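Note sheet for the following structure.
Protein chains in written order, with our numbering: chain A, 1 to 490; chain B, 1 to 376.
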């Protein structure tokens, strides 16, 4: 079941109508039934997987607390099960292809096993979420739960099940466990958030997605066409992914839950570190807490003090841990080398940014004037990253990076400028919202995306007008080419 | 210190009375606290629903508000349309071909009409429309071929899987405008049979209430043309930019080869032949052919092979094809299934289900060799 379908609208309306008439425990039962229906709608067979993940992590956490002497074994059992499940369903084909290709380099002919493995939607998200629970129990950040129903709701909670944000047990489980009360103010904010999400998906992402798909379908795009396509994809992926996150947060709010913000206007970032504080925040913090920190800690015990390759020990540790974390993060996105390279590219940007920051730190007055250049530079570097992300053929990435604007014909130049402007035209609402948040005082800027309930008449009127305009825009401008949410494939 | 029991007795009703007042006040305050947010939520919903009605007002001030009724009112709202290509009727009358080949890019990449004419020694006219489907083929046959009054030896249709019994597939005004008359009651009746579910009803209701399709009809072209002025400086280049871009940059030769086909596997609903046949253009197509004494031929193309094998077919698809063949042959049409032909290996496929340009002659020859009865 996808958010932008009539089926989901009906499903959600019925769920909400029943939900607020039930006592707390039955609310959770309903949530479980709704979540399993939502997920099983895609394929009933997927339910076995999500149940298996929940079952393993529930008992692993119980084991960690009940048998402290074996806590490490229970933790590894959980990690291996989750990573194994993910590895088999997501990376088996990738692994097999690479083994066959590597063997061919040595003259051995291996035949690829003819197994078609269907990637269960959302598996990357819920395995990470579920795994974080056992790690948190192991670290003592939370305690093992003894209510299996609550655990099942925590893993399968339908608003964010297939494309995040990835929630932590310390955040979501207490919300599952405590009583929830209907708040009309919260529902009003949620409605606006959902409308904004649908607007971003149907009007912005799907329209610019058509441009990006057309350009990336070209066998040999020229400089102008290529970068117009990359810009369109840059807008598409942000509008698409953040739309899902907004709809997820909005639907969760209707049910009395607060999901974390997953985006904070990433295209206003002025550097790589700033970008990763703003993009897919829940995944970035997941990798930071469960991969980067343990890796840094492990490396710090092995790395010698003093300089090597002209770098201090702390920078060497940071570089190694960052690169490895981002390579893994890239691989998490998909079973293809371009994602791994994309991860490595961003890891490298972070390392360079850290090294240059420790070498040269401009004065505050200078920094103020540098900011527009930093923003433009980071936006350009982000687009190079999106080229790598979008282009699955490595030879094409290499070719594309060496394209010169002087090789284009006049028609290609004009067509490229045209497509860029068209994509920009559709993206204007995104820029307006981001710039508003950046430059307008926070209480006004929060009109679209607020957490605090407020019933001032003027504000409600403004929100209603905004919702009406968005609804009208969706009716008139939505793309007839409906594309799936990009992050569904991950 | 002792307290007078009488004073206690006097105090209790006073306290009780005070408590009930407090309860009432608290309840009223709770109600007020609930009423305002609920009212604000309702106000938001009402504004969201009412404001888009302004689109009707926009239409009242623009020419699009006075558009004539669509030729398929069950599917499309009134809006500007591209003209019917009437010159095709005259063209067909003048050429008077012996064979016509109708289809989408499946036919376009499989049949070289000049080579087919050479092989058969008779005139062949292709009616290829990329990304078209049965509704377009039906209208092209009715409004061009039948209307021209010619009597070809055969009209050959190329199709994939379930396409002949799904008139809603690729029901796109961009294609249909060229072959549709002012009214198309038969096709509209067929489409109406599909437009009965909740989805279509909600869609139709929204469309009627807000009239957004009329706004879309003038606003989208305006948006799409707006950047042209900035992209091209000379007026001539501005006028031609979009056409040249589509024809010279995004043409088939300029696109990458992709293994994935442009249509996926059919769901079970689409493969229910008995249910879908009366709701398709096929009976109308065969009726027209009978009335005009023309033989129709249907070639089912083989989808992209998997390795060295023909692609797998689900039992439902096999059953669907069996029934389709039976039905067509019972109604005097010719049916040929390419599926499993050893001379259609993976190596001759380009992207998806398309055949490589240099193998077009091979597949044309194959058509003649495999169907001698059709070209006798």
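For glycine and all other residues, C-beta sits at the position ideal for the given N, C-alpha and C.
Here the structure is a predicted model, which means the values were calculated and not measured.
Using 10 angstroms around the beta-carbon of residue 128(A), count the other beta-carbons present and answer buried if the total reaches 16, otherwise exposed. Along the first chain, read from residue 1 onward, the residue named residue 128(A) stands at position 128. Per the 10 Å Cβ criterion, buried.
Consider the Cβ of residue 86(B): report whether some Cβ of chain A lies at a distance smaller than 7 Å. Counting from 1 along the second chain, the entry for residue 86(B) is found at position 86. The Cβ of residue 86(B) sits no closer than 7 Å to any Cβ of chain A.
Where does residue 301(B) fall in DSSP's three states? As a position in the second chain, residue 301(B) is number 301, starting the count at 1. Three-state DSSP puts residue 301(B) in coil, outside helix and strand.
Do you know offhand how far residue 262(A)'s Cα is from residue 282(A)'s? Translated into the one-based positions of the first chain, residue 262(A) becomes position 262. Translated into the one-based positions of the first chain, residue 282(A) becomes position 282. Each residue's Cα considered, the two are about 6 Å apart.
Using a beta-carbon distance cut-off of less than 8 Å, what residues from the stretch 95 to 128 of chain B approach chain A? Cβ contacts with chain A come from no residue of the stretch 95 to 128 of chain B.
Residue 124(B) bridges to which residues according to DSSP? Residue numbering aside, residue 124(B) sits at position 124 when the second chain is read from its first letter. DSSP output for residue 124(B) lists 99(B) as bridge partner(s).
4 or more residues per run - each alpha helix (DSSP H) lying fully within the stretch 207 to 258 of chain B: 212 to 225, 228 to 231, 235 to 244
Drop a sphere of 10 angstroms on the beta-carbon of residue 107(A), count the other beta-carbons inside from all chains shown, and report buried for 16 or more, exposed for fewer. In the first chain, counting from the first residue as 1, residue 107(A) sits at position 107. Exposed is the call here.
Does residue 197(B) come within less than 7 Å of chain A when only Cβ atoms are used? Taking the first residue of the second chain as position 1, residue 197(B) is located at position 197. Taking Cβ atoms only, chain A never reaches closer than 7 Å to residue 197(B), which makes this a no.
Look up residue 337(B) in the DSSP assignment and say whether it is helix, strand or coil. Translated into the one-based positions of the second chain, residue 337(B) becomes position 337. Strand at residue 337(B).
Mapping DSSP to helix, strand and coil, what is residue 154(B)? As a working note, residue 154(B) is residue 154 in the second chain. Here residue 154(B) sits in strand by DSSP.
Answer yes or no: do residue 494(A) and residue 54(A) have a C-beta to C-beta separation smaller than 7 Å? Nothing about residue 494(A) can be read from this structure; chain A reaches only from 1 to 490.
Return the residue from the list 176(A), 213(A), 224(A), 247(A) that minimises the CA-CA distance to residue 199(A). Here residue 199(A) refers to the residue found at position 199 when the first chain is read from its first residue. When each option's Cα is compared against that of residue 199(A), the closest is 247(A).
Kindly say whether residue 444(A), judged by its beta-carbon, lies nearer than 7 Å to any beta-carbon of chain B. Sequence index remark: in the first chain, residue 444(A) carries index 444 (1-based). In this predicted model, residue 444(A) has a pLDDT of only 48, less than 50, meaning its place in the structure is not dependable; the value taken from the coordinates is given anyway. No, no contact with chain B.
Closer than 8 Å at the beta carbon, the chain B residues around residue 471(A): The residue labelled residue 471(A) in the question sits at position 471 within the first chain. Simply 48, 49, 51, 52.
is_contact[residue 318(B), chain A] using C-beta, thresh 7 Å: Start at 1 with the first residue of the second chain, and residue 318(B) comes out as number 318. Cβ-Cβ to chain A under 7 Å: no for residue 318(B).
Kindly give me the distance between the Cβ atoms of residue 155(B) and residue 296(B), rounded to whole angstroms, as I take these residues to be in contact under 8 Å. Looking up residue 155(B) in the second chain gives position 155. Looking up residue 296(B) in the second chain gives position 296. Yes, they are in contact, since the Cβ atoms of residue 155(B) and residue 296(B) sit about 5 Å apart, within 8 Å.
Rounded straight-line distance, which links the Cα of residue 471(A) to that of residue 459(A): Here residue 459(A) corresponds to residue number 459 of the first chain, with the count starting at 1. Here residue 471(A) corresponds to residue number 471 of the first chain, with the count starting at 1. Computed Cα separation, rounded: 18 Å.
Let me check one thing: in DSSP terms, what residues is residue 349(B) bridge-paired to? For the purposes of this step, residue 349(B) is taken as residue 349 along the second chain, with counting starting at 1. In DSSP, residue 349(B) forms a bridge with 355(B).
So, is the C-beta of residue 188(A) closer than 7 Å to a C-beta in chain B? Sequence index remark: in the first chain, residue 188(A) carries index 188 (1-based). Interface residue, yes.
Residues of chain B with CB under 8 Å from residue 214(A), in chain order? If you number the first chain from 1, residue 214(A) lands on position 214. By Cβ distance, chain B contributes 250.
Would you report the Cα separation of residue 176(A) and residue 462(A), rounded to the nearest angstrom? The sequence position of residue 176(A) within the first chain is 176, counting from 1. The sequence position of residue 462(A) within the first chain is 462, counting from 1. Near 33 Å, if we compare the C-alpha coordinates of residue 462(A) and residue 176(A).
To the nearest angstrom, how far is it from the Cα of residue 51(A) to the Cα of residue 32(A)? As a position in the first chain, residue 51(A) is number 51, starting the count at 1. As a position in the first chain, residue 32(A) is number 32, starting the count at 1. Distance between the alpha carbons of residue 51(A) and residue 32(A): 11 Å.
Would you mind stating whether residue 110(B) and residue 355(B) have Cβ atoms separated by less than 7 Å? Within the second chain, residue 110(B) is the residue found at index 110, counting from 1. Within the second chain, residue 355(B) is the residue found at index 355, counting from 1. Cβ distance < 7 Å, so residue 110(B) and residue 355(B) count as in contact.
Does residue 5(B) have its Cβ less than 7 Å from a Cβ in chain A? Position 5 of the second chain, counted from the start, is the residue given in the question as residue 5(B). Model confidence at residue 5(B) stands at a pLDDT of 47, short of 50, so the residue's coordinates are unreliable and nothing is read from them.
Does residue 471(A) come out as helix, strand or coil in the three-state DSSP assignment? Taking the first chain and counting its residues from 1, the one referred to as residue 471(A) is at position 471. Note: residue 471(A) maps to helix in three-state DSSP.
Are three or more beta carbon pairs between the stretch 71 to 87 of chain A and the stretch 145 to 161 of chain A nearer than 8 Å? no
Have a look at residue 42(B) and residue 384(A) and give me their C-alpha separation to the nearest angstrom. As a working note, residue 42(B) is residue 42 in the second chain. As a working note, residue 384(A) is residue 384 in the first chain. Rounded to whole angstroms, residue 42(B) to residue 384(A) spans 46 Å at the Cα level.
By the three-class DSSP mapping on this structure, what secondary structure does residue 457(A) have? To locate residue 457(A), count along the first chain from 1; it is residue 457. Of the three classes helix, strand and coil, the one that applies to residue 457(A) here is helix, per DSSP.
Determine the DSSP secondary structure at residue 373(A), reduced to helix, strand or coil. For the purposes of this step, residue 373(A) is taken as residue 373 along the first chain, with counting starting at 1. Note: residue 373(A) maps to helix in three-state DSSP.
Please report how far the alpha carbon of residue 405(B) lies from the alpha carbon of residue 258(A), in whole angstroms. As displayed, chain B neither begins before 1 nor continues past 376, which places residue 405(B) out of reach and without an answer.
Counting only beta-carbon separations shorter than 7 Å, does residue 349(B) have a partner in chain A? Taking the second chain and counting its residues from 1, the one referred to as residue 349(B) is at position 349. No, no contact with chain A.
Find the residues of chain B that neighbour residue 535(A), judging by a C-beta separation of less than 9 Å, and give them in chain order. The structure shown does not extend to residue 535(A), since chain A spans only 1 to 490, so no value can be given for it.
The stretch 237 to 253 of chain A in contact with the stretch 186 to 199 of chain A per 3-pair CB rule at 8 Å: yes
Write down the C-beta distance between residue 228(B) and residue 219(B) rounded to the nearest angstrom, noting that I regard them as a contact closer than 8 Å. Locating residue 228(B) in the second chain gives position 228, counting from the first residue. Locating residue 219(B) in the second chain gives position 219, counting from the first residue. Wrong, their Cβ atoms sit about 16 Å apart, outside the cutoff.
How many Å lie between residue 180(A) and residue 24(A) at the Cα? Along the first chain, one-based indexing puts residue 180(A) at 180. Along the first chain, one-based indexing puts residue 24(A) at 24. If you take the alpha carbons of residue 180(A) and residue 24(A), they lie about 7 Å apart.
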